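These notes concern the structure reproduced below.
Protein chains: 2
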Amino acid sequence: MPRPRQALLTRDRIVATALALIDADGLASLSTRRLAAALGVQGPSLYNHFATKGAILDAVADSVTATVDTGCIARHDWREALRRWAWSYREALAAHPNVVPYLAQGPGRRPAALAMADAVYGGLVRAGWPPARATHIGAALRYFVAGSALGSFARGFVEDPELYAAHYPHLTQAHRLAGHQRSVDEGAFALGLDALLHGLAAEYERTVGPLAPLEPTGRAE
Amino acid sequence: MPRPRQALLTRDRIVATALALIDADGLASLSTRRLAAALGVQGPSLYNHFATKGAILDAVADSVTATVDTGCIARHDWREALRRWAWSYREALAAHPNVVPYLAQGPGRRPAALAMADAVYGGLVRAGWPPARATHIGAALRYFVAGSALGSFARGFVEDPELYAAHYPHLTQAHRLAGHQRSVDEGAFALGLDALLHGLAAEYERTVGPLAPLEPTGRAE
DNA sequence: CCCTCAAACTAGCGGTGTAAGTTTTCATCC
DNA sequence: GGATGAAAACTTACACCGCTAGTTTGAGGG
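These protein sequence lines are chains Z and Y, in that order. Sequential numbering from 259 applies to the first sequence in the numbering used here. Sequential numbering from 259 applies to the second sequence in the numbering used here.
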């Protein structure tokens, strides 16, 4: 079946199908042949649309990053903006936990990741942070969100009481964590984010100037 | 060459060689055959000592985690303890950036990672934090350290000015980041960690009680 | 001395990413 | 309107991957 009258593949269709397969079966089990099969096509046909498997994964990762809301950054005080952005970022990753390990390896040349970095940096500078500080803050928050996504959605502890009880005196309850993983994750994220923002606010007042009072916030979550 | 008079392989030798290869050539290019070749042996011989390649990687990851200093936790006020632990943790990861992507996927069943979680949790509870809060704090700090290791040591931005200038108005200096990567990383880490600890101290005073004054610290770094 | 186990081997299976070359269709230009 | 060239599918094939199975032989214990 050479050169069908209507092209069977498009970049968008490939990316969407790849994301669905990764969501369903995990990152490791996505192969070019399996992806092609899901698209009703033979393996190497993909290379008419992407140069390499990595390019496909980049596009998938970018399509996830693109769902992060960065509009909030221009619309709110920097503290509220960072909070909303961080939650939205986290939400985007949580929706596709299996791509996080790939996504976490830096913005690279993926346009959506770069656009996000750009928006955050711009917002902080506009708020009065010195450029170098803005870079650090953006990076620190990315660290926290990415780390939270990695360390949590991907399994953490294992459901096996005896494994822990024997050797780790304080972890006798750790196996319970496996069950409450989601709430532990959210609690740790909320606590860490609040602490980070609190500390940044203090740093701002120390080095930049007095803070405007926060507008009443819509969602604390 | 069957059953040599002196065994050619030991678990320790395999782990050390695997770590060296990963450091040198990256995680992706470690194969059982290559590892075996570096050990002067054929591929499948490894399976006399480890059940699976993943088990080897677990052991490698654990050997890295084992270099983190957790002794400081018992010897200092919780704030100073967390600071030293986080820096030591970061240092351990920075020494072997290529294993971070594997390591970041949670403690799993790796004993050193579990011992570390145990020590941190125990120290926080001893300092007066409620158990649930202690869990959250340990997780949040792990998120931050792991995220920082991932997002930074592993490449981040690319050295190609034109790539950025065109589309991202605030990132016109971003290509410089590639050169100053190390200092940006350290700055972001220091800032984020200080902010986190500052925020946690405020949370402590709000929900637990007054804080003892900090002993004079040895290293601010 | 023999028996068993341990630790190396060889052979090979099914799977991987991707390069190379083939075929047919569509779009375009003389 | 027929030739031309690109596009998008195909088949074939290579080198490598993790791992299994079965084999060989030295070492150590009864």
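Heads up, the beta-carbon is just placed ideally off N, CA and C, and yes, glycines get one too. For clarity, every value in this text was computed on a predicted model and none was experimentally measured.
Please report whether the beta-carbon of residue i lies at a distance below 9 Å from any beta-carbon of chain Y.
{"i": "Phe308 (chain Z)", "result": "no"}
{"i": "His428 (chain Z)", "result": "yes"}
{"i": "Arg337 (chain Z)", "result": "no"}
{"i": "His334 (chain Z)", "result": "no"}
{"i": "Asp376 (chain Z)", "result": "yes"}
{"i": "Arg341 (chain Z)", "result": "no"}
{"i": "Leu454 (chain Z)", "result": "yes"}
{"i": "His394 (chain Z)", "result": "yes"}
{"i": "Leu458 (chain Z)", "result": "yes"}
{"i": "Val466 (chain Z)", "result": "no"}
{"i": "Pro302 (chain Z)", "result": "no"}
{"i": "Tyr347 (chain Z)", "result": "no"}
{"i": "Pro388 (chain Z)", "result": "no"}
{"i": "Asp327 (chain Z)", "result": "no"}
{"i": "Asp443 (chain Z)", "result": "yes"}
{"i": "Glu549 (chain Z)", "result": "There is no way to answer for residue 549 (chain Z), as the model of chain Z reaches only from 259 to 479."}
{"i": "Ala350 (chain Z)", "result": "no"}
{"i": "Leu472 (chain Z)", "result": "no"}
{"i": "Ala446 (chain Z)", "result": "yes"}
{"i": "Leu315 (chain Z)", "result": "no"}
{"i": "Ala397 (chain Z)", "result": "yes"}
{"i": "Ala324 (chain Z)", "result": "no"}
{"i": "Ala373 (chain Z)", "result": "yes"}
Check for me: the alpha helix (DSSP H) holding residue i runs from which residue to which?
{"i": "Val318 (chain Z)", "result": "311-323"}
{"i": "Asp452 (chain Z)", "result": "439-465"}
{"i": "Arg368 (chain Y)", "result": "Careful: Arg368 (chain Y) lies outside any alpha helix (DSSP H) and carries neither H nor E."}
{"i": "Ala397 (chain Y)", "result": "389-406"}
{"i": "Pro359 (chain Y)", "result": "358-361"}
{"i": "Thr275 (chain Y)", "result": "269-283"}
{"i": "Ala294 (chain Z)", "result": "290-296"}
State buried or exposed for residue i, treating a residue as buried only when at least 16 other CB atoms are found within 10 Å of its CB.
{"i": "Pro394 (chain Y)", "result": "Looking at the sequence shown, residue 394 (chain Y) is not Pro but His. His394 (chain Y) is buried by the Cβ-count criterion."}
{"i": "Ala499 (chain Y)", "result": "Past the edges of chain Y, shown from 259 to 479, lies residue 499 (chain Y), and the structure says nothing about it."}
{"i": "Val466 (chain Z)", "result": "exposed"}
{"i": "Pro262 (chain Z)", "result": "exposed"}
{"i": "Arg342 (chain Y)", "result": "buried"}
{"i": "His425 (chain Y)", "result": "exposed"}
{"i": "Pro302 (chain Z)", "result": "exposed"}
{"i": "Ser486 (chain Z)", "result": "Look at the range of chain Z in this structure, 259 to 479, and you will see that residue 486 (chain Z) is not part of it."}
{"i": "Leu429 (chain Y)", "result": "buried"}
{"i": "Asp443 (chain Z)", "result": "buried"}
{"i": "His513 (chain Z)", "result": "As shown, chain Z starts at 259 and ends at 479. That puts residue 513 (chain Z) outside it, with no answer to give."}
{"i": "Thr275 (chain Y)", "result": "buried"}
{"i": "Ala265 (chain Z)", "result": "exposed"}
{"i": "Gly438 (chain Z)", "result": "It is worth fixing the name first, because residue 438 (chain Z) is His in this sequence and not Gly. Exposed."}
{"i": "Arg291 (chain Z)", "result": "exposed"}
{"i": "Ala294 (chain Z)", "result": "buried"}
{"i": "Ala339 (chain Z)", "result": "buried"}
{"i": "Gly312 (chain Y)", "result": "exposed"}
Using C-beta distances below 7 Å, list every residue in its chain close to residue i, excluding the 5 sequence neighbours before and after it, in chain order.
{"i": "Leu458 (chain Y)", "result": "Ile395"}
{"i": "Ala478 (chain Y)", "result": "Reliability of the predicted coordinates at Ala478 (chain Y) is poor, the pLDDT of 48 falling under 50, and no value is obtained from them."}
{"i": "Pro389 (chain Y)", "result": "Val383"}
{"i": "Arg368 (chain Y)", "result": "Asp316, Ala319, Asp320, Thr323"}
{"i": "Asp281 (chain Y)", "result": "His354, Asn356"}
{"i": "Tyr379 (chain Z)", "result": "Ala392, Thr393, Gly396"}
{"i": "Trp387 (chain Y)", "result": "Ile395, Val466"}
{"i": "Ser287 (chain Y)", "result": "none"}
Any chance the CB of residue i is under 8 Å from a heavy atom of the ligand ATP?
{"i": "Glu349 (chain Z)", "result": "Summarising the ligand content, the structure contains no ligands, and the ligand ATP is consequently not present."}
Taking only beta-carbon positions, decide if residue i is within less than 9 Å of chain Z.
{"i": "Ser406 (chain Y)", "result": "yes"}
{"i": "His354 (chain Y)", "result": "no"}
{"i": "Pro262 (chain Y)", "result": "no"}
{"i": "Val383 (chain Y)", "result": "yes"}
{"i": "Ser410 (chain Y)", "result": "yes"}
{"i": "Ala319 (chain Y)", "result": "no"}
{"i": "Gly380 (chain Y)", "result": "yes"}
{"i": "Val299 (chain Y)", "result": "no"}
{"i": "Arg477 (chain Y)", "result": "Summary for Arg477 (chain Y): the model assigns pLDDT 49, below 50, so the residue's position carries little reliability, and this model does not support an answer."}
Which residues in the same chain have their Cβ closer than 8 Å to the Cβ of residue i, if we skip the five residues on either side of it in sequence?
{"i": "Arg271 (chain Z)", "result": "Leu297"}
{"i": "Ala453 (chain Y)", "result": "none"}
{"i": "Phe308 (chain Z)", "result": "Arg269, Ile272, Ile314, Ala317"}
Please return the same chain residues whose Cβ sits closer than 6 Å to the Cβ of residue i, not counting the five positions on each side in sequence.
{"i": "Leu451 (chain Z)", "result": "Ala344"}
{"i": "Thr328 (chain Z)", "result": "Met374, Ala377"}
{"i": "Val403 (chain Y)", "result": "Ala344, Tyr347, Arg348"}
{"i": "Leu351 (chain Y)", "result": "Val358, Ala407"}
{"i": "Leu361 (chain Y)", "result": "Ala319"}
Runs of alpha helix (DSSP H) wholly within the region 322-353 of chain Z (minimum 4 residues, chain order): Whole alpha helix (DSSP H) segments, 4+ residues: 329-333, 336-352.
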